[in-house]
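Positions in the sequence shown are counted from 1; adding 600 to them yields this note's numbering.
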Amino acid sequence: MAEHWLEQMIREAQEQGDFANLPGRGKPLNLAEYDPYAGPEATGYAVLKNAGFTPEWIEWRRQIVDEINWLRANGTHPERPSRIVEVNILIAKHNRQVPNPTLQLPKLPSDFGR
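This is the structure:
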């Protein structure tokens, strides 16, 4: 069976030593903090969040939001067309990584914000 992407990320972080000096290391998890109805990946996300790890797609989403805000604020800037192309490339990468298709973002039209 193929390794789940979240398990792969955790394994890679372990191999790189990202979990070596975390507070609470060696202590049992307080599972009362986790929502049992949040889905099978929720506990993994919570553990990664507590370790200070942010999945790449979340970082990309933040960049996308920042770029969209820039595009809205700079309606006539000469860099707009190239930045729209760059945002759409980032959106495509984001959409390939998100764990659930409902989290995907639509690409921006070439005339976005006009």
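Think of the CB as a built atom: it goes at the ideal place given N, C-alpha and C, for glycine as much as any other residue.
May I have the straight-line CA-CA distance separating residue i from residue j, to the nearest angstrom?
{"i": "Val-647", "j": "Asn-695", "result": "23 angstroms"}
{"i": "Asn-674", "j": "Arg-680", "result": "8 angstroms"}
{"i": "Ile-684", "j": "Pro-701", "result": "22 angstroms"}
Ordered along the chain, which non-local residues of its own chain (more than five positions away) have a Cβ less than 8 angstroms from that of residue i?
{"i": "Lys-707", "result": "Asn-688, Ile-691 and Ala-692"}
If you run the structure through DSSP and keep just helix, strand and coil, what is residue i?
{"i": "Leu-622", "result": "coil"}
{"i": "Leu-708", "result": "coil"}
{"i": "Pro-678", "result": "coil"}
{"i": "Val-687", "result": "helix"}
Residues in its own chain within less than 6 angstroms of residue i by CB, not counting five upstream and five downstream?
{"i": "Asp-618", "result": "none"}
Can you find at least 3 beta carbon pairs, one from the segment 615-631 and one from the segment 657-672, that sit closer than 8 angstroms? Touching, no, given that fewer than three Cβ pairs across the two stretches are closer than 8 angstroms.
Tell me, please, whether the segment 641-656 touches the segment 603-617 by the rule of three or more beta-carbon pairs shorter than 8 angstroms. Here the segment 641-656 makes contact with the segment 603-617; the two share three or more CB pairs at distances below 8 angstroms.
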